[in-house]
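J.:
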Amino acid sequence: MKKIVKLLTLLVVFLLLSGCTSSTNDKKTTEVRIGILQVPNDVAASRQLKYISNYFDQEHIKVKYIIFDSGVDANKALISGDIDFATMGDTNAVVALTSKIDAKLVWVNDVLGNNEGLVVRNGSGIKDFDDLAGQKIATPFASTSHYSLMMTLKKHHLLNKVSLLDMDTQDIVAAWNRGDISAAYTWQPTLTPMLKNGHFLITSENLRDQNRITANVTLVRGGFERKNPKLVSGLLQQLNKAHIEMQKDPNITIKAASKQMDLSYSEAKSQIGTSKWLTSKQMVDDKFLSETFPEQLYITGKFMSQQQTIDHAPSKKEINDFIADKYVNELGDD
Amino acid sequence: MNSKGKKNYWLITIATWLLIFVAWQIATSFRMVPEILLPSPEKVVSTFVKLSEYGYNGIPLWQHFLITMARLLSAVFLAIVTAIPLGLISGRIKIVYSIFDSIIQFIRPIPPLAYYTILILWVGIGETSKVVLLYLAAFAPIYLACISGVNRVKDDYIKSAESLGASSKQVFFHVIFPSALPDIFTGIRTAVGMAYTTVVAAEMVAATYGIGWMIINASKYLKSDVMFVGIIILGITGVVLDQILKYIERKIVFWSGR
Amino acid sequence: MEKIIEVKDLTLTYENDDKPTLNSLNLDIERGEIVTVIGKSGCGKSTLLNTIAGYLEPTSGEVLLNGEPVSGPNWKLGVVFQNNALYPWLNVADNIGFGLKMRHFDKETIDKRVTTLLEQVQLTDKRKDYVFSLSGGMRQRVAIARALANQPQLVMFDESFGALDEFTRNDIHDVILGLWKSLNLTFFIITHDIDEAIKLGNRIMIMTPDKTSQLKVVQNPYFNINSDNIDSNYMKFKNSILKQII
Numbered sequence: 001m002k003k004i005v006k007l008l009t010l011l012v013v014f015l016l017l018s019g020c021t022s023s024t025n026d027k028k029t030t031e032v033r034i035g036i037l038q039v040p041n042d043v044a045a046s047r048q049l050k051y052i053s054n055y056f057d058q059e060h061i062k063v064k065y066i067i068f069d070s071g072v073d074a075n076k077a078l079i080s081g082d083i084d085f086a087t088m089g090d091t092n093a094v095v096a097l098t099s100k101i102d103a104k105l106v107w108v109n110d111v112l113g114n115n116e117g118l119v120v121r122n123g124s125g126i127k128d129f130d131d132l133a134g135q136k137i138a139t140p141f142a143s144t145s146h147y148s149l150m151m152t153l154k155k156h157h158l159l160n161k162v163s164l165l166d167m168d169t170q171d172i173v174a175a176w177n178r179g180d181i182s183a184a185y186t187w188q189p190t191l192t193p194m195l196k197n198g199h200f201l202i203t204s205e206n207l208r209d210q211n212r213i214t215a216n217v218t219l220v221r222g223g224f225e226r227k228n229p230k231l232v233s234g235l236l237q238q239l240n241k242a243h244i245e246m247q248k249d250p251n252i253t254i255k256a257a258s259k260q261m262d263l264s265y266s267e268a269k270s271q272i273g274t275s276k277w278l279t280s281k282q283m284v285d286d287k288f289l290s291e292t293f294p295e296q297l298y299i300t301g302k303f304m305s306q307q308q309t310i311d312h313a314p315s316k317k318e319i320n321d322f323i324a325d326k327y328v329n330e331l332g333d334d
Numbered sequence: 001m002n003s004k005g006k007k008n009y010w011l012i013t014i015a016t017w018l019l020i021f022v023a024w025q026i027a028t029s030f031r032m033v034p035e036i037l038l039p040s041p042e043k044v045v046s047t048f049v050k051l052s053e054y055g056y057n058g059i060p061l062w063q064h065f066l067i068t069m070a071r072l073l074s075a076v077f078l079a080i081v082t083a084i085p086l087g088l089i090s091g092r093i094k095i096v097y098s099i100f101d102s103i104i105q106f107i108r109p110i111p112p113l114a115y116y117t118i119l120i121l122w123v124g125i126g127e128t129s130k131v132v133l134l135y136l137a138a139f140a141p142i143y144l145a146c147i148s149g150v151n152r153v154k155d156d157y158i159k160s161a162e163s164l165g166a167s168s169k170q171v172f173f174h175v176i177f178p179s180a181l182p183d184i185f186t187g188i189r190t191a192v193g194m195a196y197t198t199v200v201a202a203e204m205v206a207a208t209y210g211i212g213w214m215i216i217n218a219s220k221y222l223k224s225d226v227m228f229v230g231i232i233i234l235g236i237t238g239v240v241l242d243q244i245l246k247y248i249e250r251k252i253v254f255w256s257g258r
Numbered sequence: 001m002e003k004i005i006e007v008k009d010l011t012l013t014y015e016n017d018d019k020p021t022l023n024s025l026n027l028d029i030e031r032g033e034i035v036t037v038i039g040k041s042g043c044g045k046s047t048l049l050n051t052i053a054g055y056l057e058p059t060s061g062e063v064l065l066n067g068e069p070v071s072g073p074n075w076k077l078g079v080v081f082q083n084n085a086l087y088p089w090l091n092v093a094d095n096i097g098f099g100l101k102m103r104h105f106d107k108e109t110i111d112k113r114v115t116t117l118l119e120q121v122q123l124t125d126k127r128k129d130y131v132f133s134l135s136g137g138m139r140q141r142v143a144i145a146r147a148l149a150n151q152p153q154l155v156m157f158d159e160s161f162g163a164l165d166e167f168t169r170n171d172i173h174d175v176i177l178g179l180w181k182s183l184n185l186t187f188f189i190i191t192h193d194i195d196e197a198i199k200l201g202n203r204i205m206i207m208t209p210d211k212t213s214q215l216k217v218v219q220n221p222y223f224n225i226n227s228d229n230i231d232s233n234y235m236k237f238k239n240s241i242l243k244q245i246i
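Protein chains in written order, with the numbering used here: chain X, 1 to 334; chain S, 1 to 258; chain G, 1 to 246.
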């Protein structure tokens with residue numbers, strides 16, 4: 001009986017503790033933690049150009065960067081409250097949305113172009129989409145590449161005719177080099193070594209032209225956003241500077257991003273490829289964040305739920321609640 | 001007295017599980033924990049039913065389960081047929097021991113994931129790399145158990161066999177092997193445990209089915225209910241496997257501990 | 001009498017030891033006799049048995065079995081160990097038949113001989129039992145039967161009855177003497193119990209710590225003595241042995 005009492009006590013303590021973690025603390029924010037991808041993007045450029053550090057120094061806030069290989073892990077870190085911002089592919093944002101993570105989409109870092117694509121090995125006999133039937137195709141599951149691949153396969157009625165392998169990007173290169181796979185939908189920098197003995201069958205730029213947009217987006221943790229809306233705007237302003245710079249004189253931005261990522265200029269340039277860095281003005285003027293992109297997320301969500309990768313398709317209302325476009329609207333003409 | 005005491009311990013075990021279940025139920029029905037961290041028991045049960053009915057990723061749940069078991073058991077089988085002879089010989093012949101023991105001692109403490117990527121480079125992403133990974137996890141416990149089993153064979157067992165006219169080959173097969181069997185069985189049970197704990201890792205790379213893969217895939221889409229179903233299946237299977245092994249052990253090495 | 005075992009100038013020094021454990025030792029065992037060896041623990045009696053049985057190689061000197069040097073363990077030299085060394089994974093019959101099976105006797109012969117032996121050690125009803133279900137005395141009887149199954153020239157006992165209680169030990173003594181009489185066997189029995197040495201030995205060998213004359217052979221007037229007949233002369237005899245041991 002004593003043991004049972006002990007167990008009960010333990011249980012109560014456990015429940016109390018788990019209750020505590022969800023309670024908010026009222027201390028002033030002194031540190032902001034940003035989850036980043038290891039790619040030469042707007043975050044990398046504005047880090048190198050000291051936009052971000054200058055801004056947060058002035059607010060007396062420390063900035064900490066945490067590298068994530070994929071949005072999957074970034075999502076987990078958002079749930080546990082270990083990061084405040086996270087950049088990820090929009091498919092992971094849909095996962096975050098449907099699994100009701102307390103987070104908002106506030107920024108589109110880049111609309112993907114030929115920095116993602118389906119590569120097939122030269123001499124593998126794959127000339128057209130139909131030749132993919134019966135092949136092993138690797139891609140990191142839950143990524144934008146995965147989604148783009150699935151859309152492509154669906155369009156060519158190949159969904160159940162290929163075997164899809166879930167692999168991390170570095171494993172894809174290893175498997176490609178061994179000859180285990182002859183096709184993979186993945187992104188830069190993985191694409192570069194594969195293109196030496198392979199070629200694109202389709203890229204995300206082609207898909208973009210067919211109105212199937214994929215993008216990298218930034219999510220902010222709900223708790224952080226409600227408490228520090230000013231800091232959210234502040235950060236987006238710095239990223240927007242990089243976007244403006246990119247369109248005015250891409251050389252400076254690419255150089256900065258390459259330096260930050262320890263890449264050569266040409267490497268950075270090819271990794272950025274034809275991805276589009278929309279300014280806040282363009283996002284507002286073209287109704288990108290209020291209409292075009294939500295529509296794309298809706299399509300993505302519907303497709304993913306048909307594939308049973310998420311348990312329900314998000315409604316348009318859910319998507320609109322998820323996208324906090326007020327920050328971009330505020331930046332507007334800046 | 002004794003049997004009564006035993007009964008009480010059973011009750012405590014059952015009570016513990018009931019408490020965990022009640023705590024789980026309370027924590028979820030009062031929404032003390034977000035659903036994404038801890039899905040409710042009903043949700044887990046309904047997910048299990050759904051998975052059994054419609055499968056996961058187009059593959060029936062039982063097939064996921066069977067492929068995982070097939071990987072596990074084929075790896076353990078390979079480990080048994082290779083580690084037992086090598087372990088017994090190493091225990092008997094110093095030269096063989098000197099060759100293999102240091103290699104195995106070197107590999108044994110390395111977490112399998114550490115060399116998994118190299119394994120994939122060597123043998124590819126197919127079933128081979130998965131089975132080899134589990135095999136490596138299972139090998140050392142059986143090998144080491146054989147050596148210790150051989151070393152623990154009573155000197156008098158060997159001496160009396162020799163005086164009864166047994167050749168050294170007969171001593172090996174009729175005395176040393178059965179003598180070491182209880183240790184070998186302990187080794188096999190440890191090996192199954194080791195391979196079992198590696199099974200999820202083995203299905204992390206380039207798998208398209210398996211319970212471990214299902215858990216990892218579900219984690220990518222933050223489907224905690226599926227993860228819970230997978231984890232519970234693995235937990236129950238682990239206990240059942242160990243009980244089966246214990247039963248076989250009692251049947252085969254019935255003299256052990258008597 | 002025909003000599004079964006001849007030990008000639010036997011010296012055995014263990015590795016890493018400077019003094020020999022057995023020093024230039026001579027003894028004969030004749031067909032049909034029971035020789036008991038008595039000595040303190042550590043005096044080398046087990047070493048002597050292990051050397052005669054072929055488990056240890058002499059440093060110098062030799063052990064002859066029917067005039068031929070013993071080069072290793074041999075079915076002609078049976079051994080019964082203190083902890084009986086029966087195989088727990090075999091039943092009583094298979095334990096007894098083990099040696100014959102190893103020597104490729106056919107199943108029928110083995111069965112027949114096992115049946116006879118079981119009768120002789122009075123364990124017929126335990127044929128299919130496993131060793132762990134038997135009492136200590138029964139196990140020792142199985143061990144004796146196992147050693148006899150090969151019909152060896154000599155059966156050696158290495159303090160085989162030390163772990164048994166008084167009554168069981170007396171029973172076993174009777175079994176031993178009964179077998180000896182009916183089958184005309186030769187036994188070499190090592191013990192640290194003087195009464196046992198006197199009761200079982202036609203000849204008693206005393207192993208002394210005095211290395212110059214290691215083995216002292218005593219003719220034994222009290223062989224197979226009934227415990228009721230113990231008198232003051234017996235006690236004197238026992239004391240004289242005791243004095244030589246120390």
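Glycine is no exception: its CB is placed at the ideal position from the N, C-alpha and C atoms.
#1: Can you find a CB in chain S that lies within less than 7 Å of the CB of Thr-309(X)?
#2: Just the C-alpha distance for Leu-25(G) and Val-7(G), rounded to the nearest angstrom, thanks.
#3: Just to confirm the assignment: which complete beta strand (DSSP E) runs, minimum length 3, are found wholly within the stretch 203-235 of chain X?
#4: Considering only the alpha carbon of each residue, which of Asp-195(G), Leu-215(G), Leu-242(G) lies closest to Tyr-247(G)?
#5: Just curious, the alpha helix (DSSP H) that Glu-318(X) is in, first and last residue?
#6: Please state whether the Cβ-Cβ distance between Ala-145(S) and Ile-184(S) is less than 7 Å.
#7: Use the C-beta contact count for Arg-113(G): other C-beta atoms within 10 angstroms, 16 or more gives buried, fewer gives exposed.
#8: Rank Val-253(S), Ile-233(S), Arg-250(S) by C-alpha distance to the C-alpha of Trp-62(S) and give the top, closest one.
#9: Which runs of the alpha helix (DSSP H) fall wholly inside the stretch 136-196 of chain X and span at least 4 residues, in chain order?
#10: Using 8 Å for Cβ pairs, my map puts Leu-245(S) next to Ile-188(S). What's the rounded Cβ distance?
#11: Cys-20(X): buried (16+ other C-beta within 10 angstroms of its C-beta) or exposed?
#12: Opposite Gln-282(X) in the DSSP bridges: which residues?
#13: Helix, strand or coil: which one does DSSP assign to Arg-31(S)?
#14: Classify Thr-203(X) as buried or exposed, calling it buried when 16 or more other Cβ atoms lie within 10 Å of its own Cβ.
#15: Considering only residues of the same chain and omitting the five flanking positions on each side of Phe-56(X), which have a CB-CB separation below 6 Å?
#16: When we look at the beta-carbon of Ile-101(X) and count the other beta-carbons within 10 Å, is it buried (16 or more) or exposed?
#17: Is the distance from the Cβ of Ser-99(X) to the Cβ of Leu-18(S) below 7 Å?
#18: Return the residue from the list Phe-85(X), Gln-247(X), Ala-133(X), Glu-31(X) that minimises the CA-CA distance to Glu-225(X).
#19: If you draw a straight line from the alpha carbon of Ser-232(G) to that of Leu-242(G), how long is it in whole angstroms?
#20: With DSSP collapsed to three states, give me the class of Gln-238(X).
#21: Quick one: complete alpha helix (DSSP H) runs, 4+ long, within the stretch 66-128 of chain S?
#22: Looking at the unbroken alpha helix (DSSP H) that takes in Gly-212(S), where does it start and where does it end?
#23: Using a 10 Å radius around the Cβ and a threshold of 16 neighbouring Cβ atoms, would you call Glu-205(X) buried or exposed?
#24: Tell me which same chain residues have a C-beta within less than 6 Å of the C-beta of Ser-227(G), skipping the five on either side of it?
#25: Nearest to Leu-10(G) by alpha carbon, out of Thr-168(G), Lys-199(G), Leu-27(G)?
#26: So, at 6 Å on beta carbons, what are the nonlocal neighbours of Pro-88(G) in its own chain, with the 5 sequence-adjacent residues on each side left out?
#27: For the candidate residues Thr-208(S), Lys-251(S), Ile-248(S), whose alpha-carbon lies nearest to that of Phe-65(S)?
#28: How should Trp-10(S) be labelled, buried or exposed, when 16 other C-beta atoms within 10 angstroms of its C-beta is the threshold for buried?
#29: Under 9 Å, CB to CB, which of the residues in the stretch 177-203 of chain X have a partner in chain S?
#30: Measure the C-alpha to C-alpha separation of Asp-158(G) and Thr-109(G) and round it to an integer number of angstroms.
#31: Of all the options Gln-244(G), Leu-179(G), Leu-49(G), His-192(G), which has the alpha carbon lying nearest to the alpha carbon of Thr-208(G)?
#32: Fully enclosed by the stretch 124-197 of chain G, which alpha helix (DSSP H) runs are 4 residues long or longer?
#33: In chain order, which continuous runs of the beta strand (DSSP E) of length 3 or greater are located wholly inside the stretch 28-82 of chain G?
#34: List, in order along the chain, the chain X residues whose C-beta lies closer than 7 Å to that of Tyr-221(S)?
#35: Identify the contact partners of Phe-98(G) in chain S, using a Cβ-Cβ distance below 7 Å as the criterion.
#36: In chain order, which beta strand (DSSP E) runs of at least 3 residues are fully inside the stretch 89-114 of chain X?
T.: Let's see:
#1: As a first step, residue 309(X) must be located in the first sequence, where it is residue number 309. For Thr-309(X), the answer is yes, since a Cβ of chain S falls inside 7 Å of its Cβ.
#2: Within the third sequence, the letter at position 25 stands for residue 25(G). Within the third sequence, the letter at position 7 stands for residue 7(G). Answer to the nearest angstrom: the Cα atoms are 7 Å apart.
#3: Complete beta strand (DSSP E) runs here, min 3: 215-221.
#4: The question about residue 247(G) has no answer, for chain G in this structure spans 1 to 246.
#5: Indexing the first sequence from 1 puts residue 318(X) at position 318. Counting along the chain, the alpha helix (DSSP H) containing Glu-318(X) begins and ends at 316-322.
#6: Walking along the second sequence from the start, residue 145(S) turns up at place 145. Walking along the second sequence from the start, residue 184(S) turns up at place 184. Yes.
#7: Stepping through the third sequence from its first residue, residue 113(G) is reached at position 113. Looking at its Cβ environment, which holds 16 or more other Cβ atoms inside 10 Å, Arg-113(G) is buried.
#8: Numbered from 1 along the second sequence, position 62 holds the residue referred to as residue 62(S). Among Val-253(S), Ile-233(S), Arg-250(S), the Cα nearest to that of Trp-62(S) is on Ile-233(S).
#9: If we require 4 residues or more, the alpha helix (DSSP H) runs fully inside the stretch 136-196 of chain X come out as 144-155, 169-178, 191-195.
#10: Numbered from its first residue, the second sequence carries residue 245(S) at position 245. Numbered from its first residue, the second sequence carries residue 188(S) at position 188. Between Leu-245(S) and Ile-188(S), the beta carbon gap of about 7 Å places them in contact (Cβ cut-off 8 Å).
#11: For the purposes of this step, residue 20(X) is taken as residue 20 along the first sequence, with counting starting at 1. In this prediction, Cys-20(X) has a pLDDT of 46, which is less than 50 and means its spatial position is unreliable; what the coordinates show is noted afterwards. By the neighbour-count criterion, in which a residue is buried when 16 or more other Cβ atoms sit within 10 angstroms of its Cβ, Cys-20(X) is exposed.
#12: The residue given as residue 282(X) occupies position 282 in the first sequence. According to DSSP, Gln-282(X) bridges with nothing at all.
#13: Your numbering for residue 31(S) matches position 31 in the second sequence. Arg-31(S) sits in coil when the DSSP states are folded into three classes, being neither helix nor strand.
#14: As a position in the first sequence, residue 203(X) is number 203, starting the count at 1. Result: buried.
#15: Indexing the first sequence from 1 puts residue 56(X) at position 56. Shown here for Phe-56(X): same chain residues with a beta carbon closer than 6 Å to its own, the five before and five after excluded, namely Val-63 in chain order.
#16: Locating residue 101(X) in the first sequence gives position 101, counting from the first residue. Taking a 10 Å sphere around the C-beta of Ile-101(X), we find 16 or more other C-beta atoms and assign the residue as buried.
#17: Here the question's residue 99(X) lines up with position 99 in the first sequence. Here the question's residue 18(S) lines up with position 18 in the second sequence. Using a Cβ distance threshold of 7 Å, Ser-99(X) and Leu-18(S) do not count as a contacting pair.
#18: Taking the first sequence and counting its residues from 1, the one referred to as residue 225(X) is at position 225. Per the Cα distances, Phe-85(X).
#19: Within the third sequence, residue 232(G) is the residue found at index 232, counting from 1. Within the third sequence, residue 242(G) is the residue found at index 242, counting from 1. So the two alpha carbons sit approximately 15 Å from each other.
#20: As a working mapping, residue 238(X) is identified with position 238 in the first sequence. The answer is helix: DSSP assigns Gln-238(X) an H, G or I state.
#21: Positions of the alpha helix (DSSP H) runs, each at least 4 residues long and wholly inside the stretch 66-128 of chain S, are given as 94-107, 112-123 in order along the chain.
#22: Start at 1 with the first residue of the second sequence, and residue 212(S) comes out as number 212. Gly-212(S) -> alpha helix (DSSP H) spans 211-220.
#23: For this step, residue 205(X) is matched to residue 205 along the first sequence. Under this definition Glu-205(X) is a buried residue.
#24: If you number the third sequence from 1, residue 227(G) lands on position 227. Spatial neighbours of Ser-227(G) in its own chain (CB-CB distance under 6 Å, excluding positions within 5 residues in sequence) are not present.
#25: Here residue 10(G) is taken as the residue at index 10 of the third sequence, counted from 1. Nearest C-alpha to Leu-10(G): Leu-27(G).
#26: The residue given as residue 88(G) occupies position 88 in the third sequence. Excluding positions up to five away in sequence, the list reads Val-131, Phe-132.
#27: On the second sequence, residue 65(S) is found 65 positions in, with the first residue counted as 1. Of the listed residues, the one whose Cα sits closest to Phe-65(S) is Thr-208(S).
#28: Within the second sequence, the letter at position 10 stands for residue 10(S). With fewer than 16 other Cβ atoms within 10 Å, it is exposed.
#29: Residues of the stretch 177-203 of chain X with a Cβ closer than 9 Å to any Cβ of chain S, in chain order: Asn-177, Arg-178, Gly-179, Asp-180, Ile-181.
#30: Numbered from 1 along the third sequence, position 158 holds the residue referred to as residue 158(G). Numbered from 1 along the third sequence, position 109 holds the residue referred to as residue 109(G). One C-alpha to the other measures close to 29 Å.
#31: What you label residue 208(G) is simply residue 208 of the third sequence in a count that begins at 1. Residue nearest to Thr-208(G) within the set Gln-244(G), Leu-179(G), Leu-49(G), His-192(G) is Gln-244(G) (criterion: CA-CA distance).
#32: Those alpha helix (DSSP H) runs which fall completely within the stretch 124-197 of chain G and span 4+ residues are 136-149, 166-183.
#33: Listed in chain order, they are 34-38, 60-65, 77-80.
#34: Here the question's residue 221(S) lines up with position 221 in the second sequence. What Tyr-221(S) touches in chain X, judged by beta-carbon distance under 7 Å, is Val-95, Ala-142, Thr-309, Ile-310, going in chain order.
#35: Locating residue 98(G) in the third sequence gives position 98, where the first residue counts as 1. Contacts between Phe-98(G) and chain S, judged by CB atoms closer than 7 Å, involve Leu-164 in chain order.
#36: Within the stretch 89-114 of chain X, the complete beta strand (DSSP E) runs of at least 3 residues are 103-111.
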